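*Asks:* I have a structure I would like to understand better, so I am pasting it below and will then ask my questions one at a time.
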Amino acid sequence: MSGIFHAESGLMRGMGRIADLIILNLLTLLCCLPVATMGAALAALLSSVRDMVNDVGGGGTVRLYFRHFRQDFRQATKLFLPLLPLFALVALGGYLLLVQPGAQPPLALTALYLLAAFFIAGTALMAFLLFVNFENTLAATLLNAARLVVARLPQVLLAVLLCYWVPLVFLLSPLVFLWLFIVLLLCGLSGPAFAVTLLFRPLMRRLAGPQEKDGEEA
Numbered sequence: 103m104s105g106i107f108h109a110e111s112g113l114m115r116g117m118g119r120i121a122d123l124i125i126l127n128l129l130t131l132l133c134c135l136p137v138a139t140m141g142a143a144l145a146a147l148l149s150s151v152r153d154m155v156n157d158v159g160g161g162g163t164v165r166l167y168f169r170h171f172r173q174d175f176r177q178a179t180k181l182f183l184p185l186l187p188l189f190a191l192v193a194l195g196g197y198l199l200l201v202q203p204g205a206q207p208p209l210a211l212t213a214l215y216l217l218a219a220f221f222i223a224g225t226a227l228m229a230f231l232l233f234v235n236f237e238n239t240l241a242a243t244l245l246n247a248a249r250l251v252v253a254r255l256p257q258v259l260l261a262v263l264l265c266y267w268v269p270l271v272f273l274l275s276p277l278v279f280l281w282l283f284i285v286l287l288l289c290g291l292s293g294p295a296f297a298v299t300l301l302f303r304p305l306m307r308r309l310a311g312p313q314e315k316d317g318e319e320a
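Shown next, in the form of structure tokens:
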């Protein structure tokens, strides 16, 4: 029985990982409060989760998170800010087409909106995933991300559903969003980040090469 609670047992390691994900979630929410730092906050989250998945030590979860936050702040901000107006348009379109009382848009228009929203969301997600794993120019990162959306459509669709459930629930049912607030607070960002990192880990390993970022295993 004592072996179950040993520091290196599967149970204790699993509980430690859950605790780390909760800490990362709270840190990311805190660092996302200023909109200008959201890009760096999300990049630091993905980098920290990547290191967790690959069992890369870094002197503690909090220290590791802020190390990535400082290292990638400028480039992650440059990557995120151009995406912000696109997300605003997606949110506005979602409200006007799907949420606004009495809205009955043509089916073709709704389908076009959903396709555009998925492409924008998927490209943004894959861009950050590539950004934290590989050294490249921002333009090349965005281009490669867009290509991956097409090449890995089923995986990207699943990743988008995992990562964008928060704004989706908020748009469709603010009341349900309030009920799920504690989930958002504890693991609404870090949980999906962990799942997506595992989902794309084989692909990232195949793509890994000389331009691989520090902190990831080859």
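Residue numbers (my numbering): 103 to 320. Beta carbons: idealized from backbone N, C-alpha and C, even for Gly. Predicted, not measured: the structure shown is a model, and the values here were computed from it.
Are the stretch 278 to 298 and the stretch 112 to 123 in contact at 8 angstroms, needing three or more beta carbon pairs?
*Replies:* The stretch 278 to 298, when compared against the stretch 112 to 123, does touch it at the 8 angstroms Cβ threshold.
*Asks:* Might you give, ordered along the chain, the residues of its own chain that have their beta carbon closer than 7 angstroms to the beta carbon of residue 212, omitting 5 neighbours on each side?
*Replies:* 199
*Asks:* When you compare the CB positions of residue 229 and residue 239, do they come within less than 8 angstroms of one another, or not?
*Replies:* no
*Asks:* For the stretch 180 to 193 against the stretch 139 to 147, do three or more pairs of beta-carbon atoms, one drawn from each stretch, fall closer than 8 angstroms, so that the two count as touching?
*Replies:* yes
*Asks:* Between the stretch 163 to 174 and the stretch 189 to 197, do at least 3 Cβ pairs fall closer than 8 angstroms?
*Replies:* Too few Cβ pairs lie closer than 8 angstroms, so no.
*Asks:* Select from 233, 280, 246 the residue whose C-alpha is nearest the C-alpha of residue 148.
*Replies:* Closest option to residue 148, judged by alpha-carbon separation, among 233, 280, 246: 233.
*Asks:* Using 8 angstroms as the cut-off, can you tell me whether the stretch 207 to 226 makes contact with the stretch 173 to 180, which would need three or more C-beta pairs spanning the two stretches below that distance?
*Replies:* no
*Asks:* Shorter than 8 angstroms from the beta carbon of residue 305 to some beta carbon of chain D?
*Replies:* Checking the listed chains, one finds no chain D in this structure; it contains a single protein chain.
*Asks:* Report the residue from 161, 226, 157 whose alpha carbon sits nearest the alpha carbon of residue 116.
*Replies:* 157
*Asks:* Leaving aside the five residues before and after residue 278 along the sequence, list all residues of the same chain whose C-beta is less than 8 angstroms from its C-beta, in chain order.
*Replies:* 271
*Asks:* Would you report the Cα separation of residue 118 and residue 307, rounded to the nearest angstrom?
*Replies:* 25 angstroms
*Asks:* In chain order, which continuous runs of the alpha helix (DSSP H) of length 4 or greater are located wholly inside the stretch 109 to 137?
*Replies:* Here the runs fully enclosed are 112 to 133.
*Asks:* Mind checking who residue 79 pairs with in its DSSP beta bridge?
*Replies:* Residue 79 is absent from the model: the chain starts at 103 and stops at 320.
*Asks:* For the alpha helix (DSSP H) holding residue 187, just list the boundary residues, first then last.
*Replies:* 185 to 196
*Asks:* Could you compute how far the alpha carbon of residue 44 sits from the alpha carbon of residue 258?
*Replies:* Only positions 103 to 320 of the chain appear in the structure, and residue 44 is not among them; the question remains open.
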